[in-house]
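Residue numbers (my numbering): 200 to 598.
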């Protein structure tokens, strides 16, 4: 079986997380990805973002940090200094063979090297050229640097995250980067579809802040509808009650009561059917209105019970419930094993002979995701890719 993007070649000028998330996904789908890394800085910045790092067989630290590995499998690492004429020539030669170019420099940052979208699309009009930046190619903030933390702050998600009386809180991972990479992937695939139909390449412009604003979803539209600022709810839901974490006698559980019939069954489990009959709590709008009073009652009942009792009791009544797992519990679960969400990729030059990574969630019946290459050491594929370029040049018909 071949991947859905088998034969697609991606020239990856990006680093850190948003761009590499996109190109790793394209690589998982079968594309060949050339990751260009700067020899002056020993490659992608995230190679140094640790610990933890993978050790070599001798116990010495390698350049494979956990952060780098999370977004850089299925890629060839090519060391190229784009600030030199020789390096710029290599990039142009690779672009001539590529279907997609992706970069995350500041707007106009590649113009001085002749590698901006106007230059490469002018020379290779069939290319899909994707630019990722903090604020986009237009607007008053276009020249500001883009970091996930700044995007979460500027785009509003931090104002919604955290306890009601606490400080604004970022999400625990670089979610603005990750979601921007996902949107970039969608944009690239749509542009490839257009290219296949018309022969036209195009420029895809995507910003971390734009993508973060896009996934404000119901909370963002609620603000637009009312004109009022939304409030942080902690682990509670703004418009559904009860829908949150609850403390049990030995940990925490999640309960997601999505409708009034589920609420009645929840109250049956609590031994308080009267809470479902009381007009102050019988409907979701009423429960929203009387949230504080109701939750105080529920919390007092839940904290007396064990996690397992709550899980078993609510599952038996078909009320959505679940544990709050640690990462150790996540990756040790039978569900993760069944869904292949943990994968081990062989590398002879690391301790243990393999690296462990998070699997791809996409499951295809005809064109499955493949894990062909572990995350590369800096520049390890430079000679092979440059030799391939020479062979392409020799095979090209002479004009």
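In this text, a Cβ means the ideal position worked out from N, Cα and C, and glycines have one as well.
Keep in mind the model is a prediction, meaning the values are calculated, not measured.
**Prompt:** Roughly how many angstroms separate the alpha carbons of residue 384 and residue 414, rounded to a whole number?
**Reply:** 16 Å
**Item:** Continuous beta strand (DSSP E) stretch holding residue 521: start and end
**Value:** 520 to 522
**Request:** Would you kindly work out how many angstroms separate the C-alpha atoms of residue 421 and residue 495, rounded to a whole number?
**Result:** 27 Å
**Item:** Residues of its chain near residue 528, where Cβ-Cβ distance is below 8 Å and the 5 sequence neighbours each way are ignored
**Value:** 522
**Asked** In terms of alpha-carbon separation, which member of 298, 567, 511 and 593 lies closest to residue 389?
**Response** 298
**Message:** Assuming contact is defined by CB atoms lying nearer than 8 Å, are residue 502 and residue 446 in contact in what I supplied?
**Reply:** yes
**Item:** Rounded C-alpha distance that separates residue 195 from residue 590
**Value:** Lying before the first or after the last residue shown, residue 195 is absent from the chain, which here runs from 200 to 598.
**Prompt:** Can you give the Cα-Cα distance for residue 387 and residue 498, rounded to whole angstroms?
**Reply:** 47 Å
**Prompt:** Taking the runs of the alpha helix (DSSP H) that are 4 residues or longer, which of them lie wholly in the segment 219 to 296?
**Reply:** 265 to 268 and 284 to 296
**Prompt:** Mind checking whether residue 405 and residue 213 have CB atoms under 8 Å apart?
**Reply:** no
**Prompt:** Could you check where the beta strand (DSSP E) with residue 533 kicks off and where it finishes?
**Reply:** Looking at the DSSP string, residue 533 is not in any beta strand (DSSP E); the run it does join, the alpha helix (DSSP H), is 533 to 537.
**Request:** Name the one or two DSSP bridge partners that residue 445 has.
**Result:** 452
**Prompt:** Just checking my contact of residue 265 with residue 251 at CB under 8 Å: how many whole Å lie between their CB atoms?
**Reply:** 5 Å
**Endpoints, alpha helix (DSSP H) assigned at residue 351** = It spans 347 to 353 - the alpha helix (DSSP H) in which residue 351 sits, taken as one unbroken run.
**At least 3 beta-carbon pairs within less than 8 Å: the segment 221 to 238 vs the segment 389 to 401** = With the cut-off at 8 Å, the segment 221 to 238 and the segment 389 to 401 do not touch.
**Message:** Using 8 Å as the cut-off, can you tell me whether the segment 463 to 473 makes contact with the segment 513 to 521, which would need three or more C-beta pairs spanning the two stretches below that distance?
**Reply:** yes
**Item:** Span of the alpha helix (DSSP H) around residue 469
**Value:** 459 to 469
**Prompt:** Would you say residue 236 and residue 577 are within 8 Å of each other, going by their C-beta atoms?
**Reply:** Between residue 236 and residue 577, the C-beta gap is smaller than 8 Å, which places the two residues in contact.
**Message:** Which same chain residues end up closer than 6 Å to residue 412 when comparing Cβ atoms and leaving out the 5 residues on each side of it in sequence?
**Reply:** 354
**Asked** How would you label residue 443, buried or exposed, when you count the other beta carbons within 10 angstroms and need 16 or more for buried?
**Response** buried
**Contacts around residue 381, its chain only, beta-carbon distance under 6 Å, and the 5 residues preceding and following it disregarded** = So the list is empty, once near-sequence residues are dropped.
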